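Colleague:
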Amino acid sequence: PSETRTAPATSSAVTAEKAFSFISKGWREVKDSTEADLQLMKDRAKSFKNLASSFDREFENFLTSASRSSFPVTAVINSSAVINSSEVEFVKKLQPKLTEFRRAYSSPDFSKRVLEKWGPTKARIGIDLSAIRNAIVAETRLKEMERKRTSSEIIEGIRNSELVEKVKASLKAICKEPEYSKEVPPLDFQELLACLVRQSGPFLDQLGVKREEQEDYIRSWLKERVGFNADFKISFYPGKFQKERRSIIPAGDTSQFISSKDADIAILEEPEHLNWYHHGKRWTDKFNHVVGVVHTNYLEYIKREKNGALQAFFVKHINNWVTRAYCDKVLRLSAATQDLPKSVICNVHGVNPKFLEIGERMAAADKEEGGEQKFSKGAYFLGKMVWAKGYRELIDLLAKQKQDLNGFKLDVYGNGEDAHEVQSAAKSLDLNVNFMKGRDHADDSLHGYKVFVNPSVSDVLCTATAEALAMGKFVVCADHPSNDFFRSFPNCLTYKTPEEFVNKINEAMSRDPQPLSPEERYNLSWEAATQRFMQYSELDKILTTSTSESDEGNVNVRRSKSVPNLTSVVDG
Numbered sequence: 016p017s018e019t020r021t022a023p024a025t026s027s028a029v030t031a032e033k034a035f036s037f038i039s040k041g042w043r044e045v046k047d048s049t050e051a052d053l054q055l056m057k058d059r060a061k062s063f064k065n066l067a068s069s070f071d072r073e074f075e076n077f078l079t080s081a082s083r084s085s086f087p088v089t090a091v092i093n094s095s096a097v098i099n100s101s102e103v104e105f106v107k108k109l110q111p112k113l114t115e116f117r118r119a120y121s122s123p124d125f126s127k128r129v130l131e132k133w134g135p136t137k138a139r140i141g142i143d144l145s146a147i148r149n150a151i152v153a154e155t156r157l158k159e160m161e162r163k164r165t166s167s168e169i170i171e172g173i174r175n176s177e178l179v180e181k182v183k184a185s186l187k188a189i190c191k192e193p194e195y196s197k198e199v200p201p202l203d204f205q206e207l208l209a210c211l212v213r214q215s216g217p218f219l220d221q222l223g224v225k226r227e228e229q230e231d232y233i234r235s236w237l238k239e240r241v242g243f244n245a246d247f248k249i250s251f252y253p254g255k256f257q258k259e260r261r262s263i264i265p266a267g268d269t270s271q272f273i274s275s276k277d278a279d280i281a282i283l284e285e286p287e288h289l290n291w292y293h294h295g296k297r298w299t300d301k302f303n304h305v306v307g308v309v310h311t312n313y314l315e316y317i318k319r320e321k322n323g324a325l326q327a328f329f330v331k332h333i334n335n336w337v338t339r340a341y342c343d344k345v346l347r348l349s350a351a352t353q354d355l356p357k358s359v360i361c362n363v364h365g366v367n368p369k370f371l372e373i374g375e376r377m378a379a380a381d382k383e384e385g386g387e388q389k390f391s392k393g394a395y396f397l398g399k400m401v402w403a404k405g406y407r408e409l410i411d412l413l414a415k416q417k418q419d420l421n422g423f424k425l426d427v428y429g430n431g432e433d434a435h436e437v438q439s440a441a442k443s444l445d446l447n448v449n450f451m452k453g454r455d456h457a458d459d460s461l462h463g464y465k466v467f468v469n470p471s472v473s474d475v476l477c478t479a480t481a482e483a484l485a486m487g488k489f490v491v492c493a494d495h496p497s498n499d500f501f502r503s504f505p506n507c508l509t510y511k512t513p514e515e516f517v518n519k520i521n522e523a524m525s526r527d528p529q530p531l532s533p534e535e536r537y538n539l540s541w542e543a544a545t546q547r548f549m550q551y552s553e554l555d556k557i558l559t560t561s562t563s564e565s566d567e568g569n570v571n572v573r574r575s576k577s578v579p580n581l582t583s584v585v586d587g
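Using the numbering used here, the first residue of the sequence shown is number 16, and each one after it goes up by one.
1) Do ILE373 and MET486 count as a contact pair if the criterion is CB distance below 8 Å?
2) Based on Cα-Cα distance, which residue from GLY398, ARG547, HIS435 lies nearest to ASP426?
3) Taking ASN521 as part of the alpha helix (DSSP H), name the residues at either end of that continuous run.
4) Please list, in chain order, all residues of the same chain as PHE516 whose beta carbon is under 6 Å from its beta carbon, the five residues on each side excluded.
5) By the 10 Å Cβ neighbour count, where 16 or more other Cβ atoms means buried, how is LYS132 classified, buried or exposed?
6) Please specify which runs of the beta strand (DSSP E), each continuous and at least 3 residues long, are wholly inside the segment 392-426, giving them in chain order.
7) Would you list the residues sitting across from GLN257 in a DSSP beta bridge?
8) What did DSSP end up calling HIS304 once you bin it into helix, strand or coil?
9) In or out: ILE233 buried (at least 16 other Cβ within 10 Å) or exposed?
10) Under DSSP, the beta strand (DSSP E) around SER358 begins and ends at which residues?
11) Skipping 5 residues on each side, what residues in its chain have a beta carbon closer than 7 Å to that of LEU289?
12) Three Cβ pairs or more, each shorter than 8 Å: is that satisfied between the segment 290-302 and the segment 329-343?
13) Is the beta carbon of MET400 less than 8 Å from the beta carbon of GLY365?
14) PHE500 by DSSP, collapsed to three states: which one?
15) Looking only at C-alpha atoms, which of PHE329, ALA403, HIS456 sits nearest to GLY658?
16) What are the boundary residues of the beta strand (DSSP E) that TYR313 is part of?
17) In its own chain, which residues sit with a C-beta less than 7 Å from the C-beta of GLU375, not counting the 5 before and 5 after it?
18) Answer with buried or exposed for VAL241, where buried requires no fewer than 16 other C-beta atoms within 10 angstroms of its C-beta.
19) Please report the residue range of the beta strand (DSSP E) in which ASN449 lies.
20) Look at ASN334 and GLU287 and say whether their C-beta atoms are less than 8 Å apart.
21) Excluding the 5 residues preceding and the 5 following ALA441 in the sequence, name in chain order all residues of the same chain whose CB lies nearer than 7 Å to its CB.
22) Express the C-alpha separation of ALA543 and ALA554 in angstroms, rounding to a whole number.
23) ALA493 and PRO470 look like a contact to me (Cβ under 8 Å); what is the Cβ gap, rounded to whole Å?
24) Using only CA atoms, which one of ILE557, GLN229, PRO530 lies nearest to ALA380?
25) CA-CA distance, TYR292 and LYS255?
26) Within its chain, find whatever has a CB closer than 7 Å to the CB of ARG536; leave out the 5 residues flanking it on each side and keep chain order.
27) Output the residue ranges of the alpha helix (DSSP H) runs that lie fully inside the segment 473-498 and measure 4 residues or longer, sorted by chain position.
28) Below 8 Å on the Cβ atoms is my guess for TYR395 versus LEU461; work out the distance and round it to an integer in Å.
29) Among ILE280, SER274, GLU239, ALA479, which has the Cα closest to the Cα of PHE251?
30) Give me the Cα-Cα distance between MET549 and ASN303, rounded to the nearest whole angstrom.
31) Quick check on the burial criterion: 16 or more other C-beta atoms within 10 angstroms. Buried or exposed for ALA479?
32) Please name the residue or residues paired with ILE280 in a DSSP beta bridge.
33) Using a threshold of 8 Å, state whether the C-beta atoms of LYS392 and TYR464 are closer than that.
34) Leaving out five residues before and five after ILE360 in sequence, what residues of the same chain have Cβ atoms less than 6 Å from its Cβ?
35) Who are VAL345's beta bridge partners in DSSP?
36) Closest to GLU239 by C-alpha separation, out of ASN367, VAL306, GLU285, GLU259, would be which residue?
This is the structure we're talking about:
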């Protein structure tokens with residue numbers, strides 16, 4: 016009885032296998048004969064209807080060849096032979112479904128619908144196999160086989176499933192997406208959407224639809240800083256916060272959010288950070304000139320973490336590869352950063368003009384008051400309260416030189432994740448330190464301090480040090496590469512040992528700082544920083560060359576390619 020019930024299903028399975036075997040074996044002919052039509056589809060998208068007719072003819076050839084060929088297949092179940100069946104009958108039963116399938120894909124409406132969705136640079140055709148598959152499922156009674164199949168029937172079912180997938184894979188391979196020209200990169204969805212949003216800004220404002228809060232905040236912040244509306248384009252790229260690094264890491268290809276027509280010169284702030292996980296087009300391939308500006312001493316921060324030496328080893332070499340591969344020129348703010356390929360050391364940072372104005376007012380007040388003391392407070396330190404921002408060095412110095420610094424009081428301003436630990440450490444060592452909440456360095460309450468203390472050796476170039484010098488204060492800082500730019504200022508007092516630290520503190524507390532000269536004020540300004548940037552990034556040469564070639568009629572200026580060396584070849 017068991018054999019009697021399973022025989023019909025098995026016979027159908029054998030029939031299906033033979034039919035699919037024929038389809039799989041004969042599909043190469045179908046593919047070869049349609050290649051010319053598919054090439055025509057790529058070159059002339061508007062002639063898609065001709066392709067549908069050609070595809071219809073190929074199925075006619077398929078049906079004709081199916082009626083002339085047979086491939087006997089024998090399946091053995093429980094050592095009993097099953098009667099062989101020709102796949103011709105199966106194909107005949109399948110023909111009405113194929114006729115319906117061809118009619119649907121050859122109709123003018125179908126061609127029209129496809130052309131409406133046809134993009135200017137990308138084309139994709141998908142063939143719905145549901146009609147064929149439904150006929151196969153109905154013919155082979157797959158549901159009945161799932162309920163009553165034996166171990167041998169399971170194998171037959173798997174083969175059938177694999178054959179269906181092979182047919183689908185073959186169709187997808189033939190109708191794969193064509194490549195588009197690299198000479199004229201297309202606008203992707205993000206670029207089109209960003210362009211639409213920018214152009215619709217006034218209209219959306221009238222409707223009460225606000226732009227991104229982040230963009231509004233940035234523009235307000237810039238206006239407050241510079242005194243005018245910074246009306247340049249701001250685009251956003253996706254990112255995610257990484258707890259271990261306490262940083263936002265770009266997610267995906269950042270370069271795709273800049274349209275190809277705007278891709279001329281790129282300035283990458285923190286090029287290592289931006290490209291650790293970059294997997295898109297190289298910046299140097301998309302832009303004419305790429306400049307990286309290194310702000311952070313990543314290796315110094317990483318060394319302080321668990322297994323820091325090992326992590327720093329790998330990050331060092333990753334940074335080397337990233338900057339060599341993605342930048343034409345790299346500017347390092349100081350020698351405290353990693354020595355990267357194609358890099359030069361240049362401070363391209365300036366201070367906010369308000370700090371220079373504070374310094375000028377303090378100097379003017381000193382003259383008006385006949386040399387009377389203008390600093391009513393002593394020494395202070397300001398910075399985010401995390402151990403890596405110099406707090407470890409500060410606590411160690413004050414604790415080790417506690418006796419020699421008798422009577423010296425330090426006010427500390429800052430907030431941060433390590434605030435509780437820092438304050439607890441200072442309290443346990445009974446240090447003469449007064450902790451207060453963080454505030455802007457230009458706050459009126461900080462004008463009266465005479466000495467800014469900064470023992471940090473993790474900074475690349477401390478902005479707070481530059482701001483303190485601009486306000487006319489003394490700065491006591493470590494003899495470290497991060498402070499090389501400030502050495503030329505007479506109010507910068509550097510130390511190498513804990514004993515020298517005490518001497519510099521006493522020197523600063525015993526006299527007044529010198530007023531800044533016009534040249535020193537200029538060197539701290541953003542105007543001077545911009546001039547240094549143009550010079551060391553070689554942008555002045557690039558722009559001069561571009562201007563001269565544009566005047567000669569060659570407006571499409573492209574980067575010149577030099578012969579690559581062995582290292583560049585290996586990196587590539």
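We put the beta carbon where it would ideally sit given N, CA and C, even for glycine.
Just so it is clear, the structure is predicted and the values come from calculations on it, not from any experiment.
Modeller: On the basis of the supplied data:
1) Yes; because the gap between Cβ atoms is below 8 Å, this pair is in contact.
2) Cα-wise, what sits closest to ASP426 is GLY398.
3) Unbroken alpha helix (DSSP H) run through ASN521: 513-525.
4) Cβ contact annotation for PHE516 (same chain, cutoff 6 Å, sequence separation greater than five): LEU412, TYR510, in chain order.
5) Note on LYS132: pLDDT 48, under 50, position unreliable in the model; the coordinate value appears next. Classified as exposed, LYS132 has fewer than 16 neighbouring CB atoms from the shown chains inside 10 Å of its CB.
6) As far as the segment 392-426 is concerned, its whole beta strand (DSSP E) runs of at least 3 residues are 392-397.
7) Residue pairing from DSSP places GLN257 in a beta bridge opposite SER262.
8) It is a strand residue.
9) It counts as exposed.
10) 358-360 is the span of the beta strand (DSSP E), which, as asked, contains SER358.
11) Exclusion of the five residues before and after LEU289 leaves PRO265, THR269, LEU283 as the residues of its chain whose Cβ lies within less than 7 Å of its Cβ.
12) With the cut-off at 8 Å, the segment 290-302 and the segment 329-343 touch.
13) Cβ atoms of MET400 and GLY365: not closer than 8 Å.
14) PHE500 sits in a helix when the DSSP states are folded into three classes.
15) Lying before the first or after the last residue shown, residue 658 is absent from the chain, which here runs from 16 to 587.
16) Segment 313-318 is the alpha helix (DSSP H) holding TYR313; no beta strand (DSSP E) there.
17) Contacts found: none.
18) With fewer than 16 other Cβ atoms within 10 Å, it is exposed.
19) Residue range 448-451 is occupied by the beta strand (DSSP E) that includes ASN449.
20) In this structure, GLU287 lies closer than 8 Å to ASN334 by Cβ.
21) Counting only Cβ-Cβ distances below 7 Å, and skipping sequence neighbours, we find ILE410, VAL448.
22) It is Leu, not Ala, that sits at residue 554 in the sequence shown. Distance between the alpha carbons of LEU554 and ALA543: 15 Å.
23) Correct: roughly 6 Å between the Cβ atoms.
24) Cα-wise, what sits closest to ALA380 is PRO530.
25) Approximately 12 Å, taken between the alpha carbons.
26) When the five nearest sequence neighbours on each side are left out, the beta carbons in the same chain lying within less than 7 Å of the beta carbon of ARG536 are those of LEU371, in order along the chain.
27) Runs found: 478-485.
28) TYR395 to LEU461, Cβ: 7 Å. Contact.
29) The option with the nearest alpha carbon to PHE251 is SER274.
30) MET549 and ASN303: Cα-Cα distance of roughly 16 Å.
31) Here ALA479 is buried: its Cβ has 16 or more other Cβ atoms, across all protein chains shown, within 10 Å.
32) The secondary-structure analysis by DSSP pairs ILE280 across a beta bridge with HIS304.
33) Yes.
34) The answer, listed in chain order, is ARG347, ALA350.
35) VAL345 pairs with GLY307, SER358.
36) Nearest of ASN367, VAL306, GLU285, GLU259 to GLU239, Cα basis: ASN367.
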